[in-house]
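Residue numbers (our numbering): 423 to 601.
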(Lines of atoms letter the chains of each structure in order from A and count residues from 1; the text may use other names and numbers.)
(Lines give C-alpha, C1' and ligand atoms only; values in the text may rest on other atoms or scores of the structure.)
Protein backbone atom coordinates (compact mmCIF):
# COMPACT_ATOMS: atom_id res chain seq x y z
CA UNK A 1 0.00 0.00 0.00
CA UNK A 2 2.85 2.39 0.79
CA UNK A 3 4.35 1.83 -2.67
CA UNK A 4 1.05 2.88 -4.23
CA UNK A 5 0.89 5.99 -2.06
CA UNK A 6 4.49 6.84 -2.89
CA UNK A 7 3.79 6.46 -6.61
CA UNK A 8 0.67 8.62 -6.29
CA UNK A 9 2.62 11.32 -4.45
CA UNK A 10 5.34 11.23 -7.11
CA UNK A 11 2.72 11.53 -9.85
CA UNK A 12 1.10 14.48 -8.03
CA UNK A 13 4.47 16.23 -7.80
CA UNK A 14 5.08 15.63 -11.51
CA UNK A 15 1.69 17.14 -12.35
CA UNK A 16 2.46 20.06 -10.03
CA UNK A 17 5.76 20.66 -11.82
CA UNK A 18 4.03 20.63 -15.21
CA UNK A 19 1.36 23.03 -13.94
CA UNK A 20 4.04 25.32 -12.53
CA UNK A 21 5.94 25.38 -15.83
CA UNK A 22 2.76 26.13 -17.80
CA UNK A 23 1.82 28.84 -15.31
CA UNK A 24 5.28 30.41 -15.49
CA UNK A 25 5.15 30.36 -19.29
CA UNK A 26 1.76 32.07 -19.26
CA UNK A 27 3.00 34.68 -16.77
CA UNK A 28 6.16 35.35 -18.73
CA UNK A 29 4.75 35.45 -22.31
CA UNK A 30 1.02 34.76 -22.62
CA UNK A 31 0.94 35.61 -26.34
CA UNK A 32 3.75 33.22 -27.31
CA UNK A 33 1.60 30.12 -26.96
CA UNK A 34 -1.24 31.51 -29.07
CA UNK A 35 1.15 33.00 -31.63
CA UNK A 36 2.66 29.57 -32.23
CA UNK A 37 -0.82 28.12 -32.68
CA UNK A 38 -1.58 30.76 -35.32
CA UNK A 39 1.57 29.90 -37.25
CA UNK A 40 0.67 26.22 -37.22
CA UNK A 41 -2.88 27.00 -38.35
CA UNK A 42 -1.57 29.21 -41.16
CA UNK A 43 0.87 26.48 -42.26
CA UNK A 44 -1.93 23.93 -42.26
CA UNK A 45 -4.18 26.12 -44.39
CA UNK A 46 -1.35 26.95 -46.81
CA UNK A 47 -0.28 23.36 -47.40
CA UNK A 48 -3.77 21.90 -47.44
CA UNK A 49 -2.84 19.61 -44.55
CA UNK A 50 -3.64 16.21 -46.03
CA UNK A 51 -3.44 14.58 -42.61
CA UNK A 52 -2.71 10.95 -41.89
CA UNK A 53 -4.14 8.38 -44.26
CA UNK A 54 -4.33 4.71 -43.39
CA UNK A 55 -6.53 3.79 -46.34
CA UNK A 56 -3.79 2.44 -48.58
CA UNK A 57 -2.55 -0.21 -46.16
CA UNK A 58 -6.06 -0.83 -44.90
CA UNK A 59 -7.41 -1.65 -48.36
CA UNK A 60 -4.25 -3.46 -49.45
CA UNK A 61 -4.68 -6.05 -46.69
CA UNK A 62 -8.48 -5.99 -46.56
CA UNK A 63 -8.95 -9.76 -46.62
CA UNK A 64 -6.74 -10.40 -43.58
CA UNK A 65 -8.19 -7.45 -41.66
CA UNK A 66 -11.73 -8.51 -42.50
CA UNK A 67 -10.98 -12.05 -41.35
CA UNK A 68 -9.58 -10.78 -38.02
CA UNK A 69 -12.64 -8.57 -37.46
CA UNK A 70 -14.98 -11.48 -38.23
CA UNK A 71 -13.05 -13.80 -35.88
CA UNK A 72 -13.20 -11.19 -33.11
CA UNK A 73 -16.94 -10.76 -33.60
CA UNK A 74 -17.48 -14.53 -33.57
CA UNK A 75 -15.47 -14.77 -30.33
CA UNK A 76 -17.64 -12.09 -28.68
CA UNK A 77 -20.83 -13.80 -29.85
CA UNK A 78 -19.52 -17.17 -28.61
CA UNK A 79 -18.71 -15.59 -25.26
CA UNK A 80 -22.21 -14.09 -24.99
CA UNK A 81 -23.93 -17.37 -25.83
CA UNK A 82 -21.81 -19.96 -24.01
CA UNK A 83 -19.55 -18.32 -21.44
CA UNK A 84 -21.43 -15.22 -20.26
CA UNK A 85 -21.88 -15.29 -16.49
CA UNK A 86 -24.22 -12.62 -15.06
CA UNK A 87 -22.97 -13.11 -11.47
CA UNK A 88 -19.37 -12.63 -12.60
CA UNK A 89 -20.27 -9.47 -14.53
CA UNK A 90 -22.17 -8.13 -11.53
CA UNK A 91 -19.26 -8.88 -9.22
CA UNK A 92 -16.69 -7.36 -11.56
CA UNK A 93 -18.34 -4.35 -13.16
CA UNK A 94 -21.48 -3.58 -11.21
CA UNK A 95 -20.36 -4.23 -7.63
CA UNK A 96 -20.54 -0.57 -6.62
CA UNK A 97 -24.22 -0.19 -7.55
CA UNK A 98 -26.46 -0.90 -4.57
CA UNK A 99 -29.82 -0.77 -6.34
CA UNK A 100 -30.67 -4.20 -7.77
CA UNK A 101 -33.00 -2.79 -10.44
CA UNK A 102 -30.32 -0.44 -11.77
CA UNK A 103 -27.80 -3.27 -11.69
CA UNK A 104 -30.13 -5.54 -13.70
CA UNK A 105 -30.84 -2.78 -16.24
CA UNK A 106 -27.13 -2.04 -16.69
CA UNK A 107 -26.37 -5.74 -17.08
CA UNK A 108 -29.01 -6.12 -19.80
CA UNK A 109 -27.76 -2.94 -21.49
CA UNK A 110 -24.21 -4.31 -21.48
CA UNK A 111 -25.38 -7.58 -23.05
CA UNK A 112 -27.40 -5.65 -25.65
CA UNK A 113 -24.46 -3.40 -26.59
CA UNK A 114 -22.04 -6.32 -26.78
CA UNK A 115 -24.41 -8.36 -28.93
CA UNK A 116 -25.26 -5.63 -31.45
CA UNK A 117 -21.67 -4.35 -31.48
CA UNK A 118 -20.50 -7.86 -32.35
CA UNK A 119 -23.14 -8.14 -35.08
CA UNK A 120 -22.06 -4.80 -36.53
CA UNK A 121 -18.39 -5.86 -36.38
CA UNK A 122 -19.28 -9.16 -38.07
CA UNK A 123 -21.08 -7.33 -40.89
CA UNK A 124 -18.26 -4.84 -41.39
CA UNK A 125 -15.69 -7.67 -41.32
CA UNK A 126 -17.57 -9.62 -43.99
CA UNK A 127 -17.89 -6.50 -46.16
CA UNK A 128 -14.23 -5.69 -45.64
CA UNK A 129 -13.11 -9.20 -46.57
CA UNK A 130 -15.38 -9.60 -49.60
CA UNK A 131 -16.04 -6.13 -50.99
CA UNK A 132 -14.28 -3.22 -49.26
CA UNK A 133 -15.59 -0.71 -51.81
CA UNK A 134 -19.02 -1.09 -50.18
CA UNK A 135 -17.61 0.73 -47.13
CA UNK A 136 -16.36 3.70 -49.20
CA UNK A 137 -19.55 5.85 -48.90
CA UNK A 138 -19.57 5.36 -45.14
CA UNK A 139 -15.88 6.28 -44.99
CA UNK A 140 -16.44 9.45 -47.03
CA UNK A 141 -19.33 10.43 -44.78
CA UNK A 142 -17.21 10.01 -41.66
CA UNK A 143 -14.11 11.73 -43.10
CA UNK A 144 -15.83 14.93 -44.19
CA UNK A 145 -14.09 18.10 -42.98
CA UNK A 146 -15.64 19.94 -40.08
CA UNK A 147 -15.66 23.72 -40.37
CA UNK A 148 -16.88 25.79 -37.48
CA UNK A 149 -16.69 29.50 -38.33
CA UNK A 150 -15.57 31.78 -35.55
CA UNK A 151 -13.85 29.18 -33.39
CA UNK A 152 -10.43 29.80 -34.88
CA UNK A 153 -10.80 33.53 -34.25
CA UNK A 154 -11.89 32.87 -30.66
CA UNK A 155 -9.03 30.44 -30.03
CA UNK A 156 -6.46 32.86 -31.45
CA UNK A 157 -7.15 35.45 -28.74
CA UNK A 158 -5.33 35.61 -25.45
CA UNK A 159 -7.97 35.89 -22.74
CA UNK A 160 -6.61 36.47 -19.24
CA UNK A 161 -3.30 34.73 -19.93
CA UNK A 162 -1.43 36.18 -16.95
CA UNK A 163 -4.33 35.55 -14.56
CA UNK A 164 -4.58 31.93 -15.69
CA UNK A 165 -0.80 31.59 -15.33
CA UNK A 166 -0.94 32.88 -11.76
CA UNK A 167 -3.84 30.53 -10.95
CA UNK A 168 -1.86 27.59 -12.37
CA UNK A 169 1.14 28.51 -10.24
CA UNK A 170 -1.01 28.70 -7.09
CA UNK A 171 -2.62 25.37 -7.97
CA UNK A 172 0.82 23.81 -8.53
CA UNK A 173 2.09 25.04 -5.16
CA UNK A 174 -1.02 23.68 -3.41
CA UNK A 175 -0.71 20.32 -5.15
CA UNK A 176 3.01 20.11 -4.34
CA UNK A 177 2.31 20.95 -0.71
CA UNK A 178 -0.48 18.34 -0.44
CA UNK A 179 1.62 15.61 -2.05
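Cβ atoms here follow ideal geometry from the backbone N, Cα and C, with glycine treated the same way. Being a predicted model, the structure only gives us computed values, none of them experimental.
Query raised in the report: Roughly how many whole angstroms lie between the Cα atoms of residue 505 and residue 477?
Result: 36 Å
**Report entry** Proximity below 7 Å, CB of residue 563 to CB of residue 556
**Finding:** no
Query - Beta-carbon spacing of residue 536, residue 493 below 7 Å - result: no
Requested in this report: Throw me the rounded Cβ distance for the residue 488 and residue 547 pair, which I believe falls under 8 Å.
Outcome: 5 Å
**Report entry** The alpha helix (DSSP H) enclosing residue 524, as first and last residue numbers
**Finding:** 522–552
Requested in this report: Return the chain-ordered list of same chain residues with a C-beta closer than 7 Å to the C-beta of residue 437, the five sequence neighbours on each side being excluded.
Outcome: 597
Query raised in the report: Distance, Cα to Cα, residue 482 vs residue 532?
Result: 34 Å
Query raised in the report: Would a C-beta distance cut-off of 7 Å place residue 491 and residue 439 closer than the cut-off?
Result: no
Requested in this report: Kindly indicate if chain B contains any beta-carbon less than 7 Å away from that of residue 592.
Outcome: Reference to chain B is not applicable here, since this structure consists of a single protein chain.
Report task. Drop a sphere of 10 angstroms on the beta-carbon of residue 594, count the other beta-carbons inside from all chains shown, and report buried for 16 or more, exposed for fewer. Result -> buried
Query - Per-residue DSSP class, three states only, for residue 519 - result: coil
**Report entry** Where the alpha helix (DSSP H) containing residue 478 begins and where it ends
**Finding:** 477–482
Requested in this report: Could you check if residue 441 is buried or exposed, using at least 16 other CB atoms within 10 Å of its CB as the buried criterion?
Outcome: buried
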